[in-house]
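Sequential numbering from 60 applies to the sequence shown in this note's numbering.
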Amino acid sequence: MVTQPPPAAAGPLRGTPVVPGVAYAPALLVHAEVSPEAVAAFDRDQYADADQALAAYDAAVGAVADGFARKAAAASGDAAQVLTASAGLARDKGLRGAVRKQLRGGDDLLAAVHAGVDQFVTVFTGMGGLMAERVTDLLDIERRIVARLVGAPEPGVGTPEGPCVLVAEDLAPSDTAGLDPALVRALVTERGGPTSHTAIIARQLAIPCVVGAVGVMALEAGTPLLVDGTAGTVRTDAEPAEAEARVAADAEQRAALASWSGPGRTRDGVPVKVLANVADGSSAATAGEAPVQGVGLFRTELSFLNRTEEPSVEEQAGIYGAVLAPFRDERYVVVRTLDAGSDKPVAFATLEGEENPALGVRGLRLSFGNPGLLDRQLDAIARAAAETGTETWVMAPMVATVAEAADFAAKVHDRGLVAGVMVEVPSTALLAHRMLEVVDFLSIGTNDLTQYTMAADRMATDLAHLTDPWQPAVLQLIAITAEAGRNAHKPVGVCGEAAADPLLACVLVGMGVTSLSMAAAAVRPVGARLAQVTFEACEEAAEAALSAADPVAGRDAVRALLG
Ligand code: PEP
Ligand code: MG
Numbered sequence: 060m061v062t063q064p065p066p067a068a069a070g071p072l073r074g075t076p077v078v079p080g081v082a083y084a085p086a087l088l089v090h091a092e093v094s095p096e097a098v099a100a101f102d103r104d105q106y107a108d109a110d111q112a113l114a115a116y117d118a119a120v121g122a123v124a125d126g127f128a129r130k131a132a133a134a135s136g137d138a139a140q141v142l143t144a145s146a147g148l149a150r151d152k153g154l155r156g157a158v159r160k161q162l163r164g165g166d167d168l169l170a171a172v173h174a175g176v177d178q179f180v181t182v183f184t185g186m187g188g189l190m191a192e193r194v195t196d197l198l199d200i201e202r203r204i205v206a207r208l209v210g211a212p213e214p215g216v217g218t219p220e221g222p223c224v225l226v227a228e229d230l231a232p233s234d235t236a237g238l239d240p241a242l243v244r245a246l247v248t249e250r251g252g253p254t255s256h257t258a259i260i261a262r263q264l265a266i267p268c269v270v271g272a273v274g275v276m277a278l279e280a281g282t283p284l285l286v287d288g289t290a291g292t293v294r295t296d297a298e299p300a301e302a303e304a305r306v307a308a309d310a311e312q313r314a315a316l317a318s319w320s321g322p323g324r325t326r327d328g329v330p331v332k333v334l335a336n337v338a339d340g341s342s343a344a345t346a347g348e349a350p351v352q353g354v355g356l357f358r359t360e361l362s363f364l365n366r367t368e369e370p371s372v373e374e375q376a377g378i379y380g381a382v383l384a385p386f387r388d389e390r391y392v393v394v395r396t397l398d399a400g401s402d403k404p405v406a407f408a409t410l411e412g413e414e415n416p417a418l419g420v421r422g423l424r425l426s427f428g429n430p431g432l433l434d435r436q437l438d439a440i441a442r443a444a445a446e447t448g449t450e451t452w453v454m455a456p457m458v459a460t461v462a463e464a465a466d467f468a469a470k471v472h473d474r475g476l477v478a479g480v481m482v483e484v485p486s487t488a489l490l491a492h493r494m495l496e497v498v499d500f501l502s503i504g505t506n507d508l509t510q511y512t513m514a515a516d517r518m519a520t521d522l523a524h525l526t527d528p529w530q531p532a533v534l535q536l537i538a539i540t541a542e543a544g545r546n547a548h549k550p551v552g553v554c555g556e557a558a559a560d561p562l563l564a565c566v567l568v569g570m571g572v573t574s575l576s577m578a579a580a581a582v583r584p585v586g587a588r589l590a591q592v593t594f595e596a597c598e599e600a601a602e603a604a605l606s607a608a609d610p611v612a613g614r615d616a617v618r619a620l621l622g
C-alpha cells in the first residue's frame, strides 16, 4: 500500500520543495522500464531471416551508442568517461557475435538480445570487481536496445533536445551523469523525500527541485510545466507570458542571492554562523572559497567507503589535514568521527549481518566494542589540528545517552580539542540540557533526527511526507535543543539538510540555533535569505511552523509571514 496522501483533486500538483527557484519548460518524462505495451505489440516475426534481424540490431545499437556519445560530449570528467565506456560496450563485437549466434539458432530478435546480454552478465559477474559493477550498465544498454527495437522511448534520462523539466519516478545517481543544468531547468519526482538522491543532486547542481509530487508521472510528455521549487508546486495551466514573467523575476532574485558575501546575520544584525558540509580535501577547498565561517560537518566516513583496512593514524592525519588546511585563517572545522554503518558501510568498521542496521551498531556505538578505532581517529584528528593550526572541534554521531556524551567529551578534551555531540536521536534532544553539562556544543543532524522521530526510513521513497524536517514533532525537538543551548550559553547548530532550506533556516534561527551548515551550493541562498529578515520575524516564523498541523501548512504559514 502506498501511504502517501492522495493528490489534491484540482489545482497544482504539490510535492516537497527541495531546491528553490522557478522554471518553465516542457516535461521530459523519464521511464525506468521500456513500455510493456510496446514490447507486447512488437511483431517478433517481422524479419525474413537472421541477417535481416541482425541489421535491425545494428541500427538499434548505433542509435543507442550515438545517444551515449552525445551525452559524453556534453559532460566532463568522470561522467564523460562513464558515458564513452557505455557507448563502446553497446557496440561491443563480442556482444554482437553472441546475439548473431542466438538468431542463427532460431531465437527471435528480443530473445536473442536478452540471451546475448545474459551471457555477458554471467561472464562479468564471474570476473568480480570493476567488471561486475558494469553489469548495471549492460542491463541499461539492453533496455535501451529493446526500446529502440520496439519503437518506445529509451528508459532512463534521455538527451534533452532543448530546455526541459525532468520528470521521473525517482532518480538514481547514475541517471544524472552528464545532466546539463543549462537544459534541465527543474527536477520533479513522483517519489523521494528531501534526503533522496534526487534532492542531493539537485542541491549540488542548484536546479529547482520538487520531490514526492504524487501524480506527476501521469502527465503527458511535452506538457509545459511551471515548477516552483520554493512552494513545491507544479502547474500545467500557466499562461506562457505569466510563466515567463515569474521565471524572469526569479532569475533576478537568484542573481541577487548569488552576490551574498557573508558573514551570516539577520537584517537587524543578529549573527548566525553560515558553515559548509564537506567530505574530503577537494570539497573543503571549494567550500573554503565560499563565504562561510568554517565547516560545520566534515563527514569523515566518506573518505573510507572503499577501504578494507583501517588507515594508519599517519594516513588519517593527512586526510584530515587536507580538510583543515583551507580554514587555518581564523575559521574553524567541526570534524565528525566515523559515522559508519547503516546506509554508509565501511568494511573495516561496520558489523556484518545486523537485522536492522539503522537501529544497530552505527556511529559512536561502533567504539563500544572497538574503542581503539575511536582513539586512533581522535589521535589523527589532534595531529592534523596541531599540524595545520586550524581551530578544530570534534563531534560524535548517533549519541543516545549523557554517559556516552561524557565519555566522548573526556577523550576529546584529553587531546586539547573542543567536544560536541550530534543530536540525531530523540533521547539526545530531550536531554539536551544535560548533554550540555558535559559537552561544549551540540549539532543537530536533522536527517537522522527526522528518521528516528517519525520512525520512517530516510531512504524510503514512499514515506516522503514523514521524512520531512518540517514535521512539527521534529521542530519541537529542535526547539527543545536550541533552548537548552541558549540557557547554557553554548552553541547549537544544525548540519542536516534542513539547514540548506532558506525558509526553514529562518525558522531554525528563530528557535535559537546559532549556526547552519550545508552543501556549499546552498550557502548564498541561505545567507541572503537570512539577511532579508529580522530576528523577530524569525521567531514568529518558528512559532508558526511549530504550531502548524503539518509540513505543508507550516511552509505556507512561514512563507506568508516572511514574504
Ligand atoms: C544528519 O543525520 O542530519 C546528518 C547530518 O548526518 P548524515 O546525513 O551524514 O547521517
Ligand atoms: Mg546522521
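Every residue, glycine too, gets a C-beta built ideally from N, C-alpha and C.
Predicted model, so just to flag it, every value in this text is computed and none were measured.
8 Å Cβ cutoff met for residue i and residue j
| i | j | result |
| --- | --- | --- |
| Ala-261 | Val-77 | yes |
| Arg-395 | Met-457 | no |
| Arg-313 | Leu-589 | no |
| Leu-356 | Val-224 | no |
| Ala-538 | Ala-559 | no |
| Ala-406 | Ala-579 | no |
| Phe-386 | Thr-449 | yes |
| Leu-621 | Leu-562 | yes |
| Leu-113 | Leu-148 | no |
| Val-351 | Val-333 | yes |
| Thr-359 | Leu-397 | yes |
| Arg-202 | Glu-301 | no |
| Ala-82 | Ala-211 | no |
| Val-205 | Val-172 | yes |
| Lys-403 | Leu-433 | no |
| Ala-338 | Ala-349 | no |
| Val-382 | Gly-340 | yes |
| Val-158 | Tyr-106 | no |
| Gly-274 | Leu-72 | yes |
| Val-216 | Leu-197 | no |
| Phe-568 | Val-551 | Note that residue 568 is Val in the sequence shown here, rather than Phe. Not a contact, by the Cβ cut-off of 8 Å. |
Pick from the options that is closest to residue i, judged by C-alpha positions
| i | options | result |
| --- | --- | --- |
| Ser-576 | Gly-555, Ala-417, Asp-402 | Gly-555 |
| Pro-79 | Pro-212, Val-306, Gly-210 | Val-306 |
| Gly-475 | Gly-380, Glu-483, Ala-465, Thr-451 | Thr-451 |
| Asp-315 | Ile-259, Gly-586, Ala-607, Ala-338 | Looking at the sequence itself, residue 315 is Ala, so the reference to Asp does not match. It is Gly-586 whose Cα lies nearest to the Cα of Ala-315. |
| Leu-437 | Phe-101, Lys-470, Gly-355 | Lys-470 |
| Leu-208 | Gly-622, Asn-336, Gln-111 | Gln-111 |
| Phe-101 | Arg-250, Gln-591, Leu-168 | Leu-168 |
| Gly-251 | Asp-527, Ala-174, Glu-542 | Asp-527 |
| Phe-467 | Val-533, Thr-447, Leu-495, Asp-196 | Leu-495 |
| Ala-464 | Gly-288, Ser-486, Pro-212 | Ser-486 |
| Ala-146 | Ala-124, Asn-336, Leu-154, Asn-546 | Ala-124 |
| Pro-283 | Pro-85, Phe-127, Asp-615, Val-273 | Pro-85 |
| Val-617 | Ala-241, Glu-411, Ala-601 | Ala-601 |
| Pro-531 | Arg-294, Ala-603, Glu-599, Ala-547 | Ala-603 |
| Arg-294 | Ala-543, Gly-74, Pro-370 | Gly-74 |
| Met-513 | Gln-535, Val-497, Asp-499, Phe-500 | Gln-535 |
| Asp-388 | Ala-612, Ser-426, Phe-594, Ala-344 | Ala-344 |
| Val-182 | Leu-154, Ser-606, Lys-160 | Leu-154 |
| Thr-460 | Leu-423, Val-477, His-472 | Leu-423 |
| Thr-289 | Pro-584, Asp-609, Gln-591, Leu-605 | Pro-584 |
| Ala-241 | Thr-257, Pro-219, Glu-249 | Pro-219 |
| Pro-222 | Leu-230, Asp-239, Glu-213, Asp-229 | Asp-239 |
Residue interval of the alpha helix (DSSP H) (run including residue i)
| i | result |
| --- | --- |
| Cys-554 | First-last for Cys-554: undefined, no H or E at that position. |
| Leu-334 | That residue, Leu-334, is in no alpha helix (DSSP H); its beta strand (DSSP E) goes 332-337. |
| Phe-363 | Neither: Phe-363 is in no alpha helix (DSSP H) and is coded neither H nor E. |
| Gly-340 | 340-348 |
| Arg-618 | 610-621 |
| Ala-227 | It is not in any alpha helix (DSSP H) - Ala-227 instead sits in the beta strand (DSSP E) that spans 223-227. |
| Arg-305 | 299-317 |
| Thr-181 | 168-186 |
Unbroken beta strand (DSSP E) run spanning residue i, endpoints
| i | result |
| --- | --- |
| Glu-450 | 450-455 |
| Met-518 | Met-518 -> no beta strand (DSSP E), and no H or E assigned at all. |
| Val-477 | 477-482 |
| Phe-500 | 500-503 |
| Thr-292 | 292-294 |
Worksheet item: Which full runs of the beta strand (DSSP E) of 3+ residues lie inside the segment 75-131, going along the chain?
Response: Scanning the segment 75-131 for uninterrupted beta strand (DSSP E) segments of 3 residues or longer gives 75-78, 81-89, listed from N- to C-terminal end.
Worksheet entry | the segment 516-528 / the segment 486-495 touching (three or more Cβ pairs under 8 Å) | Contact annotation: the segment 516-528 does not touch the segment 486-495, with fewer than three C-beta pairs closer than 8 Å.
Item to complete: Mind listing, in chain order, the continuous beta strand (DSSP E) runs of no fewer than 3 residues lying wholly within the segment 236-283?
Response: Counting whole runs of 3 or more residues, the segment 236-283 contains the beta strand (DSSP E) stretches 243-248, 268-270.
Discussion item. Pairs of beta-carbons, one from the segment 262-269 and one from the segment 242-254, closer than 8 Å: are there three or more?
Written reply: The segment 242-254 and the segment 262-269 touch, with three or more beta-carbon pairs separated by less than 8 Å.
Worksheet item: Is it a yes or a no for the segment 437-447 touching the segment 408-425, going by three-plus beta-carbon pairs under 8 Å?
Response: The answer is no - the segment 408-425 does not touch the segment 437-447, with fewer than three Cβ pairs under 8 Å.
Fill in: Cβ contact (3+ pairs, closer than 8 Å) linking the segment 476-483 and the segment 495-510
Yes, they touch.
Item to complete: List in chain order: all unbroken alpha helix (DSSP H) runs of 4+ residues lying wholly within the segment 544-608.
Response: Within the segment 544-608, the alpha helix (DSSP H) runs of at least 4 residues that lie entirely inside it are, in chain order, 561-570, 582-591, 594-606.
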